[in-house]
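Visitor: Heads up, the sequence shown is in the numbering used here, so the first residue is 203 and it goes up one at a time. Positions of the beta carbon are idealized from the N, C-alpha and C atoms, including for glycine. Given the structure is predicted, the values throughout are model-derived calculations rather than measurements. Mind looking over this structure? Questions follow.
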Amino acid sequence: MFIETETTPNPSTLKFLPGQTVMETGVRDFADIDEADASPLAAALFSLGDVTGVFLGRDFVSVTAAPGSDWRTLKPQVLGVLLDHFASGAPLFRAGSASEIVIEGGFPEDPEDADVVAQIKDLIDTRVRPAVARDGGDIVYRGFDRGTVYLAMHGACAGCPSSTATLKQGIETLLKHYVPEVTEVRAA
203 MFIETETTPN
213 PSTLKFLPGQ
223 TVMETGVRDF
233 ADIDEADASP
243 LAAALFSLGD
253 VTGVFLGRDF
263 VSVTAAPGSD
273 WRTLKPQVLG
283 VLLDHFASGA
293 PLFRAGSASE
303 IVIEGGFPED
313 PEDADVVAQI
323 KDLIDTRVRP
333 AVARDGGDIV
343 YRGFDRGTVY
353 LAMHGACAGC
363 PSSTATLKQG
373 IETLLKHYVP
383 EVTEVRAA
């Protein structure tokens, strides 16, 4: 098995492509070792010590290193964990119950904004998310309130030095162009 590695705009995060599907649907972001307990793969990556974030995408795993970590040392360790996991066919998640699932809440929305919200979600899903995924992250719609769109950034995008520019100059410009009701985009 060969795992490709790509840099991301976030210098603390590398994107690993195992050449196979990681998650059939959705994405999962692990911000700490406690959250990683739900996934044997994420837990193994956090056990390396210098890992501060793991993001599972459709066909990639993004790993964020702690400040001061040296990727020259950490990268082979991450590759070893990933190779062991995918070669063994181990499950991505531990068996559990629905009580362990946490769904982040959004912002209350005016029902009169339903058409605007549908346009925003469509643009995010078709234009923004694929581009952000190429950089090892994800962006999720959280709400729309009086012209302001709230988005949450995950994976390589969370904490990336260029995330503010991405939100303001990229996504905000795109949404304002296609949806005149949008006046601002903010991180949630």
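#1: On a Cα-Cα basis, can you pick out the residue from R344, E226, V319, V334 that is closest to V384?
#2: Which residues in the same chain as H287 place their Cβ atom closer than 8 Å to its Cβ, once the five residues preceding and following it in sequence are excluded?
#3: Taking C-alpha atoms, which residue in H379, D337, L325 lies nearest to L353?
#4: Closest by CA to G345, which one among L258, G259, R260, I322?
#5: Taking the continuous alpha helix (DSSP H) assigned at G282, which residues delimit it?
#6: Roughly how many angstroms separate the alpha carbons of G291 and E206, rounded to a whole number?
#7: For R348, which of T215, V265, V387 has the nearest alpha-carbon?
#8: In the DSSP assignment, the beta strand (DSSP E) including F232 goes from what residue to what residue?
#9: Give me the Cα-Cα distance between L284 and P313, rounded to the nearest whole angstrom.
#10: For R336, report the span of its alpha helix (DSSP H) as first-last.
#11: Below 8 Å on the Cβ atoms is my guess for T215 versus V253; work out the distance and round it to an integer in Å.
#12: Return the chain-ordered list of same chain residues with a C-beta closer than 6 Å to the C-beta of L276, the five sequence neighbours on each side being excluded.
#13: Consult DSSP for A300 and reduce its assignment to one of helix, strand or coil.
#14: Just the C-alpha distance for P332 and I341, rounded to the nearest angstrom, thanks.
#15: Residues in its own chain within less than 6 Å of K217 by CB, not counting five upstream and five downstream?
#16: Between which two residues does the beta strand (DSSP E) holding T350 run?
Guide: On the basis of the data shown:
#1: Residue 384 sits at position 182 when you count from the first residue of the sequence shown. Nearest of R344, E226, V319, V334 to V384, Cα basis: V319.
#2: Here residue 287 is taken as the residue at index 85 of the sequence shown, counted from 1. Within the same chain, H287 has close Cβ partners P242, L243, A246.
#3: Against the sequence shown, residue 353 aligns to sequence position 151. Selected option, being the one with the closest Cα: L325.
#4: Working through the sequence shown from its first residue, we reach residue 345 at position 143. Checked all of L258, G259, R260, I322; the closest Cα to G345 is I322.
#5: The residue labelled residue 282 in the question sits at position 80 within the sequence shown. Note, G282: alpha helix (DSSP H), 273–290.
#6: As a position in the sequence shown, residue 291 is number 89, starting the count at 1. As a position in the sequence shown, residue 206 is number 4, starting the count at 1. If I take the Cα positions, the gap works out to 19 Å.
#7: The residue you call residue 348 lines up with position 146 of the sequence shown. If we check each option's Cα against that of R348, V387 comes out closest.
#8: As a first step, residue 232 is located in the sequence shown; it is residue number 30 there, counting from the start. It spans 230–232 - the beta strand (DSSP E) in which F232 sits, taken as one unbroken run.
#9: Residue 284 sits at position 82 when you count from the first residue of the sequence shown. Residue 313 sits at position 111 when you count from the first residue of the sequence shown. Using only the alpha carbons, I get a separation of about 45 Å.
#10: Looking up residue 336 in the sequence shown gives position 134. Segment 331–336, the alpha helix (DSSP H) holding R336.
#11: As a working note, residue 215 is residue 13 in the sequence shown. As a working note, residue 253 is residue 51 in the sequence shown. Wrong, their Cβ atoms sit about 10 Å apart, outside the cutoff.
#12: One-based indexing of the sequence shown puts residue 276 at position 74. Answer for L276: D252, A267, listed in chain order.
#13: Against the sequence shown, residue 300 aligns to sequence position 98. The predicted model places A300 with a pLDDT of 44, which falls under 50 and marks its position as unreliable, so this point remains unresolved.
#14: As a position in the sequence shown, residue 332 is number 130, starting the count at 1. As a position in the sequence shown, residue 341 is number 139, starting the count at 1. Near 9 Å, if we compare the C-alpha coordinates of I341 and P332.
#15: Numbered from its first residue, the sequence shown carries residue 217 at position 15. Result list for K217: E208, T210, F262, S264, G338, in chain order.
#16: As a position in the sequence shown, residue 350 is number 148, starting the count at 1. Its beta strand (DSSP E) spans residues 350–357.
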